[in-house]
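Take a look at the structure set out below.
There are 2 protein chains.
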Amino acid sequence: MDKKKLTFIEESGLMFEQLGMTRMVGRVFGYLLVSDQDEVSFEQIREVLGASKGSISGTTRQLIQIGLIEPVSLPGDRKTYFRITELELGKLLKSRMELFGRFSKTLANARNVKNREDSVAGWLLEASVFYGWIGDQIDEVIDKWHREKDQIIKTKIGTKKNE
Amino acid sequence: MDKKKLTFIEESGLMFEQLGMTRMVGRVFGYLLVSDQDEVSFEQIREVLGASKGSISGTTRQLIQIGLIEPVSLPGDRKTYFRITELELGKLLKSRMELFGRFSKTLANARNVKNREDSVAGWLLEASVFYGWIGDQIDEVIDKWHREKDQIIKTKIGTKKNE
DNA sequence: TTTTTTGTTCAAAACTTATTGAACTAATTG
DNA sequence: CAATTAGTTCAATAAGTTTTGAACAAAAAA
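Just so you know, the sequences run in chain order F and A.
The first sequence stops at residue 162 when you use numbering that gives the first Met the number 0, and every number in between is there.
The second sequence stops at residue 162 when you use numbering that gives the first Met the number 0, and every number in between is there.
What follows is the structure, given as structure tokens:
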């Protein structure tokens, strides 16, 4: 396997780790991203990543659960293959934003628990409104993306040439 | 200490854990949020949370580093006190969005590593543009918040009464 | 200067999470 | 049906992280 690809796979592992998932999740996802095949077999993943069957089994399960990859089975072939789910963009972001929604609720709750209307209480009110509001705003931005993406992508590629 | 507050402190711990920080970080922050004092001493935090000095020392350091709390010292008092930093809203969100910026770069990089212009490559282009673009959009949304927050908060409180 | 207070540091312990590997199940082939 | 292949499960282990606690440093008080 191409050295560049292996490097990329490790990078991907580290990135996913930073996003709160495991390194192995990032590696498997990274491998499927850069593979030159449409789908890759369980055994091939295990071999390239040098991991155990148990590890690949658990990791692919997680990735399927998150929705980042999907299993593929072929007639006349008992192996399981995997491929990248071409996610609707914004879904991952939306799910991350839900964390902020919960953060917002916790902040609102903090306010109820306080015995004093001090400056922190004022800030808590503002913050809980903010994090609630921002969720809706981001939904709108994502809608805008779907409406205008062709234009946005064209523009982006255009400007890239002049960098 | 109020039972409601202790419950809140634990909730806060769990939430911060989910955001990728430690439980103790969440607890200290939670305690400062709901405390009825403007600032709280090191020893008081240690006592309420039933943790060691070493633990409080490391945790407060982290929280200061993130910018969520700040140390306060008083003349004629050798103790260190801590209080919530009344963060400009949106800063936390912005720093989280930087992760998406990096995600975007990683996706763009994956595209360079591939030897084939397949459907995943197309998706990678779209995704890397998306995650770059969304960062700017969110900056705009945050600016909008600062311009219109008074109105937004008033509206939110108004609707809350009718829930 | 000696003592006390306040907080820091860091090695060890406790805990948590990820990974392996061997035994197992399910499905297919011959 | 027996043999083979593919993948799962789970207990044991490895790896990593957090917390403690004892020794230490800094600063103020006596």
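All C-beta atoms, glycine included, are put in the ideal place defined by N, C-alpha and C.
Residue i at chain A interface by Cβ criterion, 7 Å
i         : result
F/Ala-109 : yes
F/Leu-5   : no
F/Ala-126 : yes
F/Thr-21  : no
F/Asp-142 : no
F/Ser-94  : no
F/Gln-195 : Residue 195 of chain F lies beyond the stretch modelled for chain F, which goes from 0 to 162, so this question has no answer here.
Residue i - partner residues in DSSP beta bridges
i        : result
F/Glu-69 : F/Arg-82
A/Ser-40 : A/Tyr-80
Straight-line gap, residue i to residue j (C-alpha atoms, nearest Å)
i         : j         : result
F/Thr-59  : A/Leu-62  : 35 Å
F/Asp-35  : A/Leu-124 : 16 Å
A/Asp-149 : A/Lys-93  : 21 Å
A/His-145 : A/Gly-12  : 29 Å
F/Ser-56  : F/Thr-79  : 11 Å
F/Thr-6   : F/Gly-100 : 36 Å
A/Lys-52  : A/Phe-41  : 8 Å
A/Arg-45  : A/Ser-54  : 8 Å
A/Leu-91  : F/Gly-75  : 52 Å
A/Glu-147 : A/Gln-136 : 16 Å
F/Gly-134 : A/Arg-77  : 44 Å
F/Leu-18  : A/Leu-98  : 8 Å
A/Phe-28  : A/Ser-72  : 18 Å
A/Phe-81  : F/Met-96  : 29 Å
F/Ser-127 : A/Thr-154 : 14 Å
Minimum Cβ-Cβ distance from residue i to chain F less than 7 Å
i         : result
A/Leu-88  : yes
A/Lys-104 : no
A/Leu-32  : yes
Within 7 Å, strictly: CB atoms of residue i and residue j
i         : j         : result
A/Leu-88  : F/Phe-129 : yes
F/Trp-132 : A/Ile-8   : no
F/Leu-48  : F/Val-39  : no
F/Leu-119 : A/Ile-83  : Looking at the sequence shown, residue 119 of chain F is not Leu but Val. Their beta carbons are under 7 Å apart, which means F/Val-119 touches A/Ile-83 by this criterion.
### Task
State whether the segment 66-77 of chain F contacts the segment 99-110 of chain A, with contact taken as three or more CB pairs (one from each stretch) at a distance under 8 Å.
no
### Query
Are at least three pairs of beta-carbons, each pair with one atom in the segment 15-26 of chain F and one in the segment 108-116 of chain A, less than 8 Å apart?
no
### Query
Is the segment 136-154 of chain F touching the segment 0-19 of chain A in the sense that three or more CB pairs, one from each, lie closer than 8 Å?
Segments in contact, no.
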